[in-house]
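All remarks here apply to the structure that follows.
In our numbering, the protein residues as written are 1 to 137.
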């Protein structure tokens with residue numbers, strides 16, 4: 001779940017031919033990265049873009065094609081303080097936002113792309129919290 005890729009077609013803005021598109025999100029060096037490529041089958045027009053915050057249109061495609069992942073914490077008693085520390089440092093959340101997210105996680109309602117949830121699970125494991133990213137049914 002460290003990488004997710006989607007493919008689609010569109011019409012080339014330059015010549016109108018088939019535009020082959022792909023987008024990838026991955027966990028690299030303890031960060032989320034994404035890239036998107038559009039390549040024309042006729043005129044070889046190519047567009048490459050990348051960044052760290054996944055654009056909404058690409059995130060929606062990934063969730064639609066691969067499904068969502070959710071974070072599962074170990075069944076043992078949950079140590080809230082270390083989890084809250086990770087949640088606050090991951091994304092710059094306020095304490096109330098981190099508490100709300102923790103409740104969402106504990107209730108099974110926090111989901112995202114595979115790489116998004118895998119990165120959070122890694123950060124929690126690094127803090128000694130048993131966490132796993134799993135595909136939602």
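Using N, Cα and C, we set each Cβ at its ideal position, and we do this for glycine too.
In this text the structure is predicted, and so the values were computed from the model without any measurement.
Secondary structure at residue 28: strand, using DSSP grouped into helix, strand and coil.
With respect to the C-alpha of residue 29, the residue from 103, 130, 135, 115 having the closest C-alpha is 115.
Leaving aside the five residues that flank residue 130 on each side, the residues in its chain whose CB is nearer than 6 Å to its CB run, in chain order, 74.
Under the DSSP assignment, residue 102 falls in the alpha helix (DSSP H) whose first and last residues are 95-106. The beta carbons of residue 61 and residue 23 sit closer together than 8 Å.
If you draw a straight line from the Cα of residue 80 to the Cα of residue 105, it comes to about 11 Å. For the segment 59-92, the full-length beta strand (DSSP E) segments reaching 3 residues or more read 69-73 along the chain.
In this structure, the alpha-carbon of residue 93 lies about 7 Å from that of residue 87. For residue 36, the closest alpha carbon among the candidates 56, 127, 42 is that of 56. Taking C-beta atoms as the reference points, residue 136 and residue 67 count as a pair closer than 8 Å. Annotation: residue 42 is outside any beta strand (DSSP E) and is labelled neither H nor E by DSSP. Comparing C-alpha distances from residue 71 to each of 63, 123, 110 shows the shortest one belongs to 110. In the three-state scheme derived from DSSP, where H, G and I count as helix and E and B as strand, residue 120 is classed as helix. Within the model, the alpha-carbon separation for residue 33 versus residue 27 is close to 6 Å.
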